[in-house]
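Residue numbers (the numbering used here), protein chains in the order written: chain S, 3 to 307; chain B, 3 to 307; chain L, 3 to 307; chain R, 3 to 307.
Every residue gets a Cβ at the ideal spot worked out from N, C-alpha and C, and that includes glycine.
All values derive from a computational prediction rather than experimental measurement.
Quick notes on the structure that follows.
Number of protein chains: 4
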Amino acid sequence: MKPLHPLRGLVAATHTPFRTDGSLNLDVIERQAAHLLNDGVKTVFINGTTAECTSLSCQERQALARRWCEVARGTELKVSIHVGSNCLPDSRAMAAQAEELDAISISAFAPSYFKPRDLDMLIGWCAEIAAAAPETPFYFYDIPVFTHVSLSMPDFLERAPSRLPTLVGLKFSNPDLMAFQLCLAAGGGRFNLAFGCDEWLLSTLVLGGTGGVGSTYNFAAPIYHRMIKAYEAGNLAEARAEQLRSAQLVRLLARYGFMGAAKATMGLLGVDVGAPRPPHSSLTADQIRQLKGELETLGFFDWIR
Amino acid sequence: MKPLHPLRGLVAATHTPFRTDGSLNLDVIERQAAHLLNDGVKTVFINGTTAECTSLSCQERQALARRWCEVARGTELKVSIHVGSNCLPDSRAMAAQAEELDAISISAFAPSYFKPRDLDMLIGWCAEIAAAAPETPFYFYDIPVFTHVSLSMPDFLERAPSRLPTLVGLKFSNPDLMAFQLCLAAGGGRFNLAFGCDEWLLSTLVLGGTGGVGSTYNFAAPIYHRMIKAYEAGNLAEARAEQLRSAQLVRLLARYGFMGAAKATMGLLGVDVGAPRPPHSSLTADQIRQLKGELETLGFFDWIR
Amino acid sequence: MKPLHPLRGLVAATHTPFRTDGSLNLDVIERQAAHLLNDGVKTVFINGTTAECTSLSCQERQALARRWCEVARGTELKVSIHVGSNCLPDSRAMAAQAEELDAISISAFAPSYFKPRDLDMLIGWCAEIAAAAPETPFYFYDIPVFTHVSLSMPDFLERAPSRLPTLVGLKFSNPDLMAFQLCLAAGGGRFNLAFGCDEWLLSTLVLGGTGGVGSTYNFAAPIYHRMIKAYEAGNLAEARAEQLRSAQLVRLLARYGFMGAAKATMGLLGVDVGAPRPPHSSLTADQIRQLKGELETLGFFDWIR
Amino acid sequence: MKPLHPLRGLVAATHTPFRTDGSLNLDVIERQAAHLLNDGVKTVFINGTTAECTSLSCQERQALARRWCEVARGTELKVSIHVGSNCLPDSRAMAAQAEELDAISISAFAPSYFKPRDLDMLIGWCAEIAAAAPETPFYFYDIPVFTHVSLSMPDFLERAPSRLPTLVGLKFSNPDLMAFQLCLAAGGGRFNLAFGCDEWLLSTLVLGGTGGVGSTYNFAAPIYHRMIKAYEAGNLAEARAEQLRSAQLVRLLARYGFMGAAKATMGLLGVDVGAPRPPHSSLTADQIRQLKGELETLGFFDWIR
């Protein structure tokens with residue numbers, strides 16, 4: 003039986019590995035999985051924003067899903083698959099595949115070229131997707147800064163269950179922590195919220211949050227493991243110090259263009275996921291050398307030992 | 003040889019026909035083509051915003067392109083294909099297919115989930131797509147209200163040609179008519195601008211515009227033909243009266259949800275393109291009856307005789 | 003009796019003259035008025051966006067209003083006063099003063115820190131202001147790019163008259179020309195629309211527009227007079243050429259920071275209105291010299307002879 | 003000597019009391035002060051967003067400042083004055099008055115009709131205001147959702163001190179908690195951050211935050227006092243439960259229109275601050291009755307005992 007709350011603790015939103023010619027490099031996935039397991043990360047969220055999902059074809063996303071599930075089989079790693087897109091038949095096909103692959107959950111964001119104008123339309127959209135994977139827990143992925151769709155999540159959780167029987171929670175990539183806490187309390191507390199801003203995950207733990215889905219868990223999980231451990235031990239000063247490291251790291255990467263710098267950092271750790279596809283910019287070899295120096299100065303390589 | 007300025011006069015941004023189960027209905031394309039030719043519209047812009055391109059899979063877009071080109075063969079109809087998407091390999095594949103199909107031009111909008119932050123990134127994006135159809139005229143499709151990418155088009159036309167040798171102009175779905183006129187003057191006047199707001203096409207004719215790509219040319223071309231004729235004859239009062247009809251028509255359709263109402267109007271004219279895909283909403287049978295009544299009251303069916 | 007449509011033809015949205023210490027310099031107003039009359043501009047719109055109204059205190063705005071009306075007395079110049087602000091009592095005080103000063107009209111934009119969420123709230127806001135000047139024609143000043151208040155103007159004109167008996171029209175600083183034409187047609191055509199984008203005024207003439215309120219009419223009126231004359235004579239190519247000059251001029255000024263460059267241009271014409279207040283940036287002496295050179299190269303000083 | 007970090011703990015952003023005719027009702031300020039002191043709130047932030055500062059004239063803001071300082075004299079209450087506006091001379095005059103009145107600090111938000119485009123312009127703007135109160139600690143008030151000015155606060159704190167010698171911190175009404183933590187760490191930790199989202203204050207305590215400025219501290223301080231006490235005692239579950247009450251309260255008020263409902267709530271507590279000025283909407287007597295019932299059902303009146 004699938005876990006009720008599949009997205010707990012640290013969930014890595016994985017990068018999509020590309021060759022230098024821009025094609026998919028499925029061979030790297032084993033390396034990504036091993037790296038994560040070695041860092042104590044036991045769930046992956048694939049084909050999300052960090053995976054450049056909108057820059058991938060539907061076929062590529064399905065190939066990634068298949069390969070991740072193959073690699074995970076027989077290990078501790080669990081696979082959650084993002085199936086959101088602007089094209090409903092594509093999303094339904096990916097949802098159906100996720101169910102076949104026995105993914106622990108699926109999720110989908112709002113379409114963002116044509117946009118649902120109200121909750122009714124958004125719930126209808128999600129219901130069509132979720133119905134293609136009737137045995138798989140469904141998360142709505144709220145990320146208004148990318149989709150420009152900004153609707154009330156507490157209201158969503160009140161109204162959606164009757165039309166979305168597989169709904170188990172939200173991937174919450176939204177800075178509104180009042181909504182976050184109200185969502186945690188909604189439905190008698192039965193929903194699972196996976197927070198999407200690694201840089202202030204600690205702020206959600208204190209509200210009752212139970213984990214996050216994010217990109218920095220790919221390369222900086224030790225920082226967050228220590229943070230969570232300190233938090234759970236009641237050592238808030240130490241937890242805060244670890245969160246500050248995360249913030250400093252993200253700020254540094256953002257100066258280089260976050261996606262390109264994050265993928266380059268993976269390479270520096272021996273997991274060569276390549277450069278991102280356009281319209282993301284890539285780092286030059288010189289920039290990667292400079293980034294490495296700045297990461298050393300920051301203390302990053304010590305932090306993640 | 004391909005025309006230098008392929009998007010002149012009235013170009014219909016065609017609807018994608020769906021069956022009631024939401025699947026593509028390629029059989030309707032002949033009917034759409036015949037209707038347009040009957041109305042004197044001789045160029046189609048397929049797979050654009052009106053075609054719900056972001057709601058289609060890449061395979062569906064390629065099937066539509068193939069069918070439109072088959073239907074057009076041997077007629078006066080010319081086919082321009084929009085190949086923009088968030089996924090560069092998909093866009094390149096569609097561009098390559100367009101060249102094989104001998105489309106008169108291609109176009110692409112900016113990616114809109116991940117966004118190019120400056121002109122350099124945008125031109126790089128376009129160059130990758132255009133290079134996949136090296137013999138086919140390329141238009142950048144500027145539509146900031148949908149893509150949330152808002153960069154200077156006069157600057158684009160100054161900087162892009164060296165990296166975009168096939169660039170011939172813009173599909174300009176942007177209300178900034180100062181930029182429109184500067185673009186017309188750019189490069190010694192060598193660029194072709196197809197305006198995207200049917201509701202005030204007349205305002206661009208007076209600036210030197212030569213036509214438009216739009217959705218209402220599917221069902222209301224006679225209004226615009228009369229408008230252009232009156233304009234060219236120097237009868238501005240009559241031209242203005244026709245433009246007002248267009249504005250009143252669009253306002254009426256917008257009250258029902260523009261896309262659903264526009265497709266329903268096609269149905270009322272005997273061209274059954276079905277309802278739009280989600281997240282667009284569809285009109286109920288009752289709403290279609292009511293819309294028909296309002297169109298009659300407005301005088302629409304007389305206007306398009 | 004006041005004219006029914008006070009904002010016809012070219013209306014200059016005047017600059018507020020400041021001394022080098024940033025204080026009001028009322029002495030320059032005579033010079034501004036003489037310059038405009040010499041250029042054939044017979045109506046001024048004072049205390050608007052070009053006047054940096056939000057950077058002025060209410061007292062300063064009232065001093066400007068008083069002085070403009072004194073200067074205009076006995077000349078052909080007519081004065082329209084913008085009284086919009088975020089503070090309703092201030093706006094009402096300015097409206098009452100405008101009536102005392104016998105201004106030909108008042109106008110007000112929407113409050114923009116706290117924003118009216120719907121037309122009902124916006125109409126209520128306008129009604130409170132207009133009621134303080136019950137004998138003075140009122141214009142709503144729609145400028146969504148600054149106020150971030152974007153509501154339907156055709157609907158406004160349908161619903162407002164019963165609560166806004168002095169409403170005569172709109173200062174329309176909004177690029178949506180479909181709304182513009184529908185507003186011209188609203189109420190049987192009884193409303194006066196003054197267009198706010200000088201850079202494409204021609205595009206509104208062809209829709210039935212009768213003039214504009216703008217900043218470039220302060221220093222480039224001859225261009226627009228020729229444009230309107232050509233348009234009225236049916237010489238559209240010549241009208242278009244003049245409009246292009248306007249666009250090229252605005253583009254050049256915008257590169258220096260439009261407000262600072264426009265005020266510097268006034269200085270180059272012998273009307274020393276000083277620099278703008280922060281947060282607008284000012285041009286250095288070097289920049290003004292460079293701007294002068296670029297204006298000469300463009301042909302500006304010949305255009306306005 | 004003034005405290006280094008004047009905005010610590012709970013700081014009430016006070017409401018401006020109006021009579022039914024919309025005029026200032028300075029008589030209520032004693033009542034407001036007594037209510038706050040009774041609730042253990044010892045610092046007020048006057049003339050801010052909650053005070054409807056943009057709906058007030060400069061003279062009204064100065065009258066409020068004078069009265070609050072008179073009322074506070076001889077009590078434990080300390081007064082911090084917001085002097086931000088779109089008009090620099092007004093802001094400078096209010097800053098100078100604040101210094102004369104011996105306010106513990108001043109603050110100013112960014113101008114929001116004309117907007118500073120970069121940090122340099124914003125710092126210049128703040129410097130002009132702060133210079134008018136050279137002995138008074140200065141806070142920049144970052145509230146991008148209202149001003150539409152969104153610049154990096156960690157960068158602001160790095161660059162501003164050389165030009166803003168009186169800068170002591172930020173009123174941080176911005177949901178970006180990564181920026182919040184980086185700002186706390188900036189300058190060796192010497193800056194004071196007052197968080198502006200009462201609804202998730204707890205999330206900032208865990209990051210090292212030391213308090214907040216907000217509107218709900220006017221009527222719900224006991225909830226937050228218990229929350230902070232529980233937090234400091236390491237009882238996070240209890241702290242979280244109190245924060246949830248705050249979130250539920252804010253959600254309820256927001257359904258009625260937050261500002262009007264918050265002022266009505268003050269009235270229900272015997273502090274009649276009247277209704278807000280337009281464009282805020284007011285509650286009808288019926289709505290106030292209904293609100294009272296909903297507050298009772300929620301448990302609000304018990305929570306604040």
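No Cβ of chain R is located within less than 9 Å of the beta carbon of L:C199. About 11 Å separates the Cβ atoms of R:S93 and R:A112, ruling out a contact at the 8 Å cut-off. Within 8 Å of the CB of R:S205, the CB atoms of chain S belong to L179, W202, S205, T206, V208 and L209, in sequence order along the chain.
The beta-carbon of B:H282 is placed less than 9 Å from the nearest beta-carbon of chain S. Considering only beta carbons, the part of the segment 150 to 175 of chain S lying closer than 9 Å to chain R consists of P156, in chain order. The residue among L:A188, L:C128, L:L153 and L:A181 with its C-alpha nearest the C-alpha of L:T168 is L:C128. A straight line joining the alpha-carbon of L:R247 with that of L:A239 spans about 13 Å. The C-beta of B:K265 comes no closer than 9 Å to any C-beta of chain S. The beta carbon of R:V252 falls within 9 Å of a beta carbon belonging to chain S, placing the residue at that interface. In this structure, S:P156 is the residue among S:S217, S:P156 and S:D200 with its C-alpha nearest to the C-alpha of S:R192.
Note on the segment 194 to 245 of chain B: whole beta strand (DSSP E) runs with a minimum of 3 residues are 194 to 197 and 213 to 216, in chain order. At a Cβ-Cβ threshold of 9 Å, R:Y226 and L:F148 do not count as neighbours. Among the residues of chain L, those whose CB is under 8 Å from the CB of R:M123 are P280, P281 and S283, following chain order.
For L:Y226, no Cβ of chain R is located within less than 9 Å of the residue's own Cβ. Under the DSSP definition of a beta bridge, L:H84 partners with L:S109. Apart from sequence neighbours up to five positions away, the residues of its chain that approach S:F47 with a beta-carbon distance below 6 Å are V13, A15, S82 and V215, ordered along the chain.
In terms of Cα proximity to L:R257, the closest of L:A243, L:Q292, L:D274 and L:R228 is L:Q292. If the five residues before and after L:G42 are omitted, its C-beta is found closer than 7 Å to the C-beta atoms of A223 and H227, all from its own chain and listed in chain order. Residue environment: S:P136 is assigned as exposed (fewer than 16 neighbouring CB atoms within 10 Å of its CB, all protein chains considered).
For L:A15, the uninterrupted beta strand (DSSP E) run begins and ends at G11 to A15, by DSSP.
About 23 Å separates the Cβ atoms of S:E32 and S:V85, ruling out a contact at the 8 Å cut-off. Looking at R:N88, R:T22, R:P91 and R:A67, the one whose alpha-carbon comes closest to that of R:A105 is R:A67.
When Cβ pairs closer than 8 Å are counted between the two stretches, the segment 274 to 282 of chain S is seen not to touch the segment 203 to 212 of chain R, the count staying below three. About 7 Å separates the CB atoms of S:K80 and S:P8; that is less than 8 Å, so the two are in contact.
Under the DSSP assignment, R:L169 falls in the beta strand (DSSP E) whose first and last residues are L169 to F174.
When rounded, the separation of the alpha-carbon atoms in B:M96 and S:C60 is 15 Å. Annotation: Cβ neighbours of R:E130 in chain L (cutoff 7 Å, chain order): P280.
Here L:T45 carries a strand assignment [DSSP, helix/strand/coil]. In summary, B:F140 is buried, with 16 or more beta-carbon neighbours lying within 10 Å of its beta-carbon over all protein chains present. With respect to chain S, the C-beta atom of B:K44 has no partner C-beta closer than 9 Å.
For S:D144, the uninterrupted beta strand (DSSP E) run begins and ends at F140 to D144, by DSSP. With 16 or more other Cβ atoms from the protein chains shown falling within 10 Å of its own Cβ, R:D274 counts as buried. The C-alpha of R:Q64 lies about 29 Å from the C-alpha of R:L255. For L:K265, the number of other beta carbons within 10 angstroms of its own is at least 16, and it is reported as buried. With a 10 Å radius around the Cβ and a threshold of 16 neighbouring Cβ atoms, L:S164 comes out exposed.
Taking 8 Å as the upper bound for CB-CB distance, R:F197 and R:F174 are in contact here, some 5 Å apart.
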